[in-house]
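A.B. asks:
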Amino acid sequence: MVRASALYIVIVIALVIGIICSSLVVVAYFYREQYQRAFRYDALQNNLNSGINILIASQDNAYAEGKKVSLFGGEADSVDLKTVVWGIYGIGVVRAFIQHDTLSRAFSMAHAIDSAKWAALYLPDEDRPVSVSGKTTLKGNAFLPQSGIREAYVDGKAYQGDKRLVIGKTYSSQRSLPPLNPVRISELEKYFALAASPNSKSLLLDSISHSFLETPKTVPMGKNVVSLTGTRLKGNIILSSDTTVIVGSDAQLDQVLIFAPNIKVEEGFKGNCQLFARDSISVGPDCVFSYPSTLGVLRFKLNAAAMPAAINIGENVSFSGCIFAYDKSAERSKQPSINLGKKVSVSGQIYTTGLLGINDDVVINGSVFTGRFIYRSGFTVFENYVINTTINAEALSPYYLSGDIIPVAARKKKVLQWLE
Amino acid sequence: MAGIKIRMRYRVSASSLLEVIVAMVIIVVVFGLAMMIAANVSRGSLSVEKLHAQAVLKNVLAEEEGRRDFVSRTISIDSVAVEQEVKPYDAGLVEIHLTAYDNSNKKMAELRKVVISNDEETR
Numbered sequence: 062m063v064r065a066s067a068l069y070i071v072i073v074i075a076l077v078i079g080i081i082c083s084s085l086v087v088v089a090y091f092y093r094e095q096y097q098r099a100f101r102y103d104a105l106q107n108n109l110n111s112g113i114n115i116l117i118a119s120q121d122n123a124y125a126e127g128k129k130v131s132l133f134g135g136e137a138d139s140v141d142l143k144t145v146v147w148g149i150y151g152i153g154v155v156r157a158f159i160q161h162d163t164l165s166r167a168f169s170m171a172h173a174i175d176s177a178k179w180a181a182l183y184l185p186d187e188d189r190p191v192s193v194s195g196k197t198t199l200k201g202n203a204f205l206p207q208s209g210i211r212e213a214y215v216d217g218k219a220y221q222g223d224k225r226l227v228i229g230k231t232y233s234s235q236r237s238l239p240p241l242n243p244v245r246i247s248e249l250e251k252y253f254a255l256a257a258s259p260n261s262k263s264l265l266l267d268s269i270s271h272s273f274l275e276t277p278k279t280v281p282m283g284k285n286v287v288s289l290t291g292t293r294l295k296g297n298i299i300l301s302s303d304t305t306v307i308v309g310s311d312a313q314l315d316q317v318l319i320f321a322p323n324i325k326v327e328e329g330f331k332g333n334c335q336l337f338a339r340d341s342i343s344v345g346p347d348c349v350f351s352y353p354s355t356l357g358v359l360r361f362k363l364n365a366a367a368m369p370a371a372i373n374i375g376e377n378v379s380f381s382g383c384i385f386a387y388d389k390s391a392e393r394s395k396q397p398s399i400n401l402g403k404k405v406s407v408s409g410q411i412y413t414t415g416l417l418g419i420n421d422d423v424v425i426n427g428s429v430f431t432g433r434f435i436y437r438s439g440f441t442v443f444e445n446y447v448i449n450t451t452i453n454a455e456a457l458s459p460y461y462l463s464g465d466i467i468p469v470a471a472r473k474k475k476v477l478q479w480l481e
Numbered sequence: 026m027a028g029i030k031i032r033m034r035y036r037v038s039a040s041s042l043l044e045v046i047v048a049m050v051i052i053v054v055v056f057g058l059a060m061m062i063a064a065n066v067s068r069g070s071l072s073v074e075k076l077h078a079q080a081v082l083k084n085v086l087a088e089e090e091g092r093r094d095f096v097s098r099t100i101s102i103d104s105v106a107v108e109q110e111v112k113p114y115d116a117g118l119v120e121i122h123l124t125a126y127d128n129s130n131k132k133m134a135e136l137r138k139v140v141i142s143n144d145e146e147t148r
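Heads up: the protein sequence lines correspond to chains Y and Z, in order.
Using this note's numbering, you'd call the opening residue of the first sequence number 62 and step up by one each time.
Using this note's numbering, you'd call the opening residue of the second sequence number 26 and step up by one each time.
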C-alpha cells in the first residue's frame, strides 16, 4: 500500500525551505555587519589620518589643551586632537571615534631641516681663522669667519685631508651663532621646576611603562642621589630630580625624559632617552644612544660660584640625535662646553655657544654649531683647530628630523616616530 | 468502450481533496515567503559596484597624496566617474572630497580627507 500523505510531505518541504531562507538571512546579516564594521574602520582611519595631518600642520600650541574637532561638519567625523611638549620634540595624540568605535594614535613630531640654514659647520666670526690639521674632513656647506680656513701643522703633522679644505660651499658667518629657540627653552625650564616642587619625594623605581595616549607620568626623585640600576622605564615618563641621577649600564630607558642638575651615564649604557641637566652630563665610554636621543645642559640663571655647564662624552660612544649646551648669561668665562672623547661618533647635531672639545677620530655625521673648537694634546691646548676629525653633513640620513630648538629647523613638521 | 468497468485488484489510498488543498496553500505561502526573503536579501546586500567604487576612491586618494598637486577635476576609472573637489581647510591644509558616480550618474561612494598642502624647501 502506497500512502499519499501530501500534507506531511509539504510540511517537510516547507521546513527545508524555511531553514534555507533563515540561513540566507543570517548570512546576509553577518556579511552586512562585517562590511559596515570594515567601512567604519576605513572611515575612522581616514579621520585619524586627517587629524594627524592637522597636528603636523599646526604651528602654535593651539592643541596643547586638547580639542575636539568635527572634521567636515558631519556627524561621523569627530576627532580629539592634542599636542604635548616632549623634550625638544612634540607628541601628537589623535583619537577618532564613530559611535562606540575608537581609533587612537600617538606619534612624535619633529621638524625638517631648512636647506638654507643647514651647514656642516657654523663658526662665528671672532676675527680669526679656523685651522685644520691631520686627517680632517669637512664635507658640506660651512659658515666660517671672514678670515677663512687654513691648513696647519700640529704636533709635527700636516693636514692630510682634501685640498679644498671644505668640500662644499663656504659662507661668511655672523659675529654670533644663530640663537636657540627661546620658546622651546622656556618650555624646558618648566620641566626643571617639576623637580623643585615642594611635594617632591623619592620613589623607588623598578619597572614602569606608560602609554603616550595618557597624560605624562611624572616621577619626582627628590633630593637623594638615585641610581637607576636594572630599571626599566618605557614611554611617557618624566623623571625629575633635585640632585644627581646616575643611569646604570643595565638601565633600560626607552623614550624617557630625565631632568636633574647633574646626570651621570655609566659605561656601556644602551638606550633611547632625552637627558637634560642644569650643570653637567657625563657619559661613560662605550655607550650607545639610539635616535632620537638628546643630551642638553641648560643654565637659566647666572651662578658665579658654579663651574660652566658641560657635557662630557667618553671614548667610543655612539650617539644619534641632538647634543646642545645653553647658558643664558653671555659671560665668556661661563660659556658651556661639550667635550667629545676619542672615537666618538655622533649622527645628528651639536650646538654650543661655548666650546666644543674634540679628540682624535671623532666622527660627526651631521652639523656642528659651536663658538670655538678646543683640542688638547698633552699640555697644549689648540683653540679653533679641527684636528683628526670628520664633520660630514652629507652622511646624515635624509630622513633625519631636528627638534625646533636648533636654529636650522624648518617650519614643516613630520612624523618622527609612531609611538602607539 | 464507455461501458467497460475497470476493476482494481488492490486498493490505493489517496489524499483527500481537503488535504491536497491545504498542502497547496502551504506550499504557495512558503514559496512566496522564500521569494520575498531572497529578494530582500539580494536587494539589501552591498553591490559589487559600490565596493569597487570605494576601492577606486581609495586608490585615487593614495595617488593624489603622493602627487601633491591638488586640483579639482573629474576623472573616469573603470567605468566609475570620480569627482575630485579640493577646498582649502586650514593653514597649510586642504580638504580632498572624492565622490564616485556610476554610468547613470548615481552616487556610489564618497571619501573625504584633510591633507597637508604646503611643501617648503627642506634638506
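No residue lacks a Cβ here, since even glycine has one placed at the ideal position from N, Cα and C.
To the nearest angstrom, report how far apart Y/I78 and Z/F56 are at their CA atoms.
C.D. replies: Approximately 8 Å between the Cα atoms of the pair.
A.B. asks: To the nearest whole angstrom, what separates the beta carbons of Y/K200 and Y/N453, a pair I think is in contact under 8 Å?
C.D. replies: At roughly 4 Å, the Cβ-Cβ gap stays under 8 Å, so Y/K200 and Y/N453 are in contact.
A.B. asks: Just to make sure I have the definition right: I need the residues of chain Z whose C-beta is within less than 7 Å of the C-beta of Y/V86. Which are they?
C.D. replies: The contacting residues are I62 and V66.
A.B. asks: Taking only three categories from DSSP, how would you classify Y/M368?
C.D. replies: Correct three-state label for Y/M368: coil.
A.B. asks: By Cβ distance below 6 Å, which residues in the same chain neighbour Y/F385 in space, the five residues on each side in sequence not counted?
C.D. replies: So the qualifying residues of the chain are G357 and Y412.
A.B. asks: So which of Z/R137, Z/P113, Z/L123 and Z/E90 has the shortest CA-CA distance to Z/S101?
C.D. replies: Of Z/R137, Z/P113, Z/L123 and Z/E90, the residue nearest in Cα terms is Z/L123.
A.B. asks: Can you have a look at Y/P259 and say buried or exposed, based on whether 16 or more other CB atoms are within 10 angstroms of its CB?
C.D. replies: In this prediction, Y/P259 scores a pLDDT of 49, lower than 50, which makes its location untrustworthy; no coordinate-derived value is stated.
A.B. asks: Counting pairs of beta carbons, one from the region 365 to 378 of chain Y and one from the region 398 to 411 of chain Y, are three or more of them closer than 8 Å?
C.D. replies: Judged by Cβ distances under 8 Å, the region 365 to 378 of chain Y makes contact with the region 398 to 411 of chain Y, as three or more pairs qualify.
A.B. asks: Using three-state DSSP, classify Z/V66 as helix, strand or coil.
C.D. replies: Z/V66 falls in the helix class under three-state DSSP.
A.B. asks: Quick one: does Y/I117 have its CB under 8 Å from some CB of chain Z?
C.D. replies: At least one chain Z Cβ lies under 8 Å of Y/I117.
A.B. asks: Please classify Y/L76 as buried or exposed, where buried requires at least 16 other C-beta atoms within 10 Å of its C-beta.
C.D. replies: By the 10 Å Cβ count, Y/L76 comes out exposed.
A.B. asks: Report yes or no: do the region 81 to 91 of chain Y and the region 436 to 448 of chain Y share at least 3 C-beta pairs separated by less than 8 Å?
C.D. replies: No contact exists between the region 81 to 91 of chain Y and the region 436 to 448 of chain Y.
A.B. asks: Do Y/L274 and Y/A167 have their C-beta atoms within less than 8 Å of each other?
C.D. replies: Contact: yes.
A.B. asks: Determine, for Z/V73, whether the minimum Cβ-Cβ distance to residues of chain Y falls below 8 Å.
C.D. replies: Taking Cβ atoms only, chain Y never reaches closer than 8 Å to Z/V73, which makes this a no.
A.B. asks: Taking only runs of the alpha helix (DSSP H) that begin and end inside the region 395 to 475 of chain Y, which ones reach a length of at least 4 residues, in chain order?
C.D. replies: Whole alpha helix (DSSP H) segments, 4+ residues: zero.
A.B. asks: Beta-carbon of Z/E44 versus every beta-carbon of chain A: anything under 8 Å?
C.D. replies: Here chain A cannot be found, since the structure's protein chains are Y and Z.
A.B. asks: Counting C-beta neighbours from all protein chains within 10 Å, is the total for Y/K218 16 or more, i.e. buried, or is it exposed?
C.D. replies: By the 10 Å Cβ count, Y/K218 comes out exposed.
A.B. asks: Please report the straight-line C-alpha distance between Y/N420 and Y/S351, rounded to a whole angstrom.
C.D. replies: Roughly 22 Å separates the two Cα atoms.
A.B. asks: Give the range of the beta strand (DSSP E) segment to which Y/D340 is assigned.
C.D. replies: K331 to V344 is the extent of the beta strand (DSSP E) around Y/D340.
A.B. asks: When the Cβ atoms of the region 223 to 234 of chain Y are set against those of the region 464 to 480 of chain Y, are three or more pairs found closer than 8 Å?
C.D. replies: Short answer: they don't touch.
A.B. asks: Counting beta carbon pairs with one atom in the region 173 to 184 of chain Y and one in the region 115 to 130 of chain Y, are three or more of them shorter than 8 Å?
C.D. replies: Output reads no: the region 173 to 184 of chain Y does not touch the region 115 to 130 of chain Y.
A.B. asks: Return helix, strand or coil for Z/A106, following the three-state DSSP convention.
C.D. replies: Z/A106 falls in the strand class under three-state DSSP.
A.B. asks: Just the C-alpha distance for Y/V287 and Y/Q410, rounded to the nearest angstrom, thanks.
C.D. replies: Whole-angstrom Cα-Cα distance: 29 Å.
A.B. asks: Among residues of its own chain, excluding the 5 on either side of Y/Y220, which ones have a beta-carbon nearer than 6 Å to its beta-carbon?
C.D. replies: The answer, listed in chain order, is V193, S194 and E212.
A.B. asks: Whole angstroms are fine: how far does the CA of Y/G415 sit from the CA of Y/R189?
C.D. replies: Between Y/R189 and Y/G415, the C-alpha separation is close to 16 Å.
A.B. asks: Using the three-state DSSP reduction, which class does Y/D138 fall into: helix, strand or coil?
C.D. replies: Coil.
A.B. asks: Would you report the Cα separation of Y/G329 and Y/P346, rounded to the nearest angstrom?
C.D. replies: Spanning the two alpha carbons is a distance of roughly 6 Å.
A.B. asks: Could you tell me the alpha carbon to alpha carbon distance between Z/R98 and Z/L86, rounded to whole angstroms?
C.D. replies: Going from the Cα of Z/R98 to the Cα of Z/L86 covers about 13 Å.
A.B. asks: Can you name the residues of chain Z whose CB is closer than 7 Å to the CB of Y/N110?
C.D. replies: Going along chain Z in sequence order, the residues near Y/N110 (Cβ under 7 Å) are K138.
A.B. asks: In terms of residue numbering, what span does the beta strand (DSSP E) encompassing Y/L199 cover?
C.D. replies: Start and end: T198 to K200.
A.B. asks: Please report whether the beta-carbon of Y/C82 lies at a distance below 8 Å from any beta-carbon of chain Z.
C.D. replies: Judged by the 8 Å Cβ criterion, Y/C82 is in contact with chain Z.
A.B. asks: Quick check on the burial criterion: 16 or more other C-beta atoms within 10 angstroms. Buried or exposed for Y/I298?
C.D. replies: Y/I298 should be labelled buried.
A.B. asks: Which value, in whole angstroms, describes the spacing of the CA atoms of Y/S354 and Z/V139?
C.D. replies: When rounded, the distance between both Cα atoms is 31 Å.
A.B. asks: Can you list the residues of chain Z that Y/V71 reaches, using a CB-CB cut of under 7 Å?
C.D. replies: A48, I51 and I52, listed in chain order.
A.B. asks: Between Y/T279 and Y/S301, how many whole angstroms is the CB-CB distance? I'm expecting something under 8 Å.
C.D. replies: With 8 Å as the limit, Y/T279 and Y/S301 qualify as a contact, their Cβ atoms being about 7 Å apart.
A.B. asks: Check whether the Cβ of Y/S261 lies closer than 8 Å to any Cβ atom in chain Z.
C.D. replies: With a pLDDT of 47 at Y/S261, under the threshold of 50, the modelled position of this residue cannot be trusted, and the question is left open.
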